[in-house]
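Structure record follows, encoded as structure tokens.
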Amino acid sequence: MNLRDLHYLVALAEQRHFGRAAEACFVSQPTLSTQIKKLEEELGVALVERTPRKVLLTDVGREIVARARDVINEVEQIKGIARRTLDPESGTVRLGIFPTLGPYLLPHVVPRMRERFPRLELLLVEEKTEEVLRRLREGRLDAGILALPVHDESLHTEFLFEEPFLLAVPQSHPLAKRPSLKLTDLSDQNLLLLEDGHCLRDQALEVCQLAGAGEKSGFRATSLETLRQMVAAEVGITLLPTLAVKPPVAQAPNVRLIEFRGSHPPSRRIAMLWRKSSAMGGFLKQLAAVVRELPKGLLDPRDVVTPASAKRTASA
1 MNLRDLHYLV ALAEQRHFGR AAEACFVSQP TLSTQIKKLE EELGVALVER TPRKVLLTDV
61 GREIVARARD VINEVEQIKG IARRTLDPES GTVRLGIFPT LGPYLLPHVV PRMRERFPRL
121 ELLLVEEKTE EVLRRLREGR LDAGILALPV HDESLHTEFL FEEPFLLAVP QSHPLAKRPS
181 LKLTDLSDQN LLLLEDGHCL RDQALEVCQL AGAGEKSGFR ATSLETLRQM VAAEVGITLL
241 PTLAVKPPVA QAPNVRLIEF RGSHPPSRRI AMLWRKSSAM GGFLKQLAAV VRELPKGLLD
301 PRDVVTPASA KRTASA
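What follows is the structure, encoded as structure tokens:
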């Protein structure tokens, strides 16, 4: 048994196909198949069930794959310690981030990361929260930028910032006349929301519950941009995070943005998370500090809030 064989096994578990697993490992299919067979013979157990169209792991195969991932991750940690001892700010960081934050936050922080750590190779992975967490636990990501709360005792949480929500409404909507809103002003409203799997959907549902609002039936968006365009088309209203309406994002026509007032306006709390066992913990704290130093005013919603008079101007 060697690390190469464990890499082959993990690749096969992820791809569920000998050909694709071989491509991922940059070897021929016969080579990978032969090594998996040798590993099974060495262990004396069947690791995979071979079918004409796909590969299924046996029960013991799944357990061994989980252990193999741990072994591979530990080896990468050892290599990482060595690399960072020689040059603490070099190497590779695999960073996961969820889709309703990544496109709006990264343009503001990636240039600062490159300036602060010019020798760092930053590999960005945009996935939904549960997938980022899964890859983080498996060692396939070094860190993730996610919305709180995240309930996992094996992960270190480094708080970054709190991002307010704005209400986006068509210019013709009755709420467009309001200079600002309280949560209770949404009590008789139904909001457009994202599809299942997006953490922003869960956050918006929580706001709806606090406000006594509901979800508009018959429609669930796949992205924030779809939500924005649905509001512009006067299909309904929705919540948008502040970063999603800040430059360089262009504001959609016919959409009025309204801020919430009160002691606890709706918002989401963003943090960077990594495994407590990670050898990169010290460096990831430095990386989190760079993300935390956002440009002044970036999280202030007031400069993008559309004045109530804009409706009259737009229709003049």
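Residue numbering for the sequence shown follows full-length UniProt numbering, beginning at 1 and increasing consecutively.
All C-beta atoms, glycine included, are put in the ideal place defined by N, C-alpha and C.
None of these values were measured; they are calculated from a predicted model.
Roughly how many whole angstroms lie between the Cα atoms of F117 and E293?
Between F117 and E293, the alpha-carbon positions lie close to 15 Å from each other.
Any beta-carbon of chain C closer than 8 Å to the one on E126?
Chain labels in this structure do not include chain C; a single protein chain is all it has.
With 16 other CB atoms within 10 Å as the buried threshold, where does R261 fall?
By the neighbour-count criterion, in which a residue is buried when 16 or more other Cβ atoms sit within 10 angstroms of its Cβ, R261 is exposed.
Selection from I81, M113 and T184 that minimises the alpha carbon distance to A213
Proximity to A213 across I81, M113 and T184 peaks at T184, based on C-alpha coordinates.
Please classify residue 317: is it buried, with 16 or more other beta-carbons within 10 angstroms of its beta-carbon, or exposed?
Given a span of 1 to 316 for the chain in the structure shown, any question on residue 317 remains unanswerable.
Bridge partners - H156, DSSP secondary structure assignment:
Assignment of beta-bridge partners to H156 by DSSP yields W274.
Rounded C-alpha distance that separates E215 from C208:
Each residue's Cα considered, the two are about 8 Å apart.
Is DSSP giving L43 helix, strand or coil here?
Here L43 sits in helix by DSSP.
Hey, could you find the ends of the beta strand (DSSP E) L210 is sitting in?
Looking at the DSSP string, L210 is not in any beta strand (DSSP E); the run it does join, the alpha helix (DSSP H), is C199 to A211.
Is the beta carbon of R220 less than 8 Å from the beta carbon of A252?
No, the Cβ-Cβ distance between R220 and A252 is not below 8 Å.
From which residue to which residue does the alpha helix (DSSP H) around A252 run?
Going by DSSP, A252 is part of no alpha helix (DSSP H) at all; its letter is neither H nor E.
Closest to P266 by CA distance: which of H108, K37 and L186 is it?
It is L186 whose Cα lies nearest to the Cα of P266.
Using only alpha-carbon positions, find the residue among I145, P111, S90 and F26 that is nearest to F98.
The shortest CA-to-CA distance from F98 to any of I145, P111, S90 and F26 is the one to I145.
DSSP three-state assignment for F283, whether helix, strand or coil
Correct three-state label for F283: helix.
Beta-carbon proximity check, E127 vs G80, cutoff 8 Å:
Going by C-beta atoms, E127 is not nearer than 8 Å to G80.
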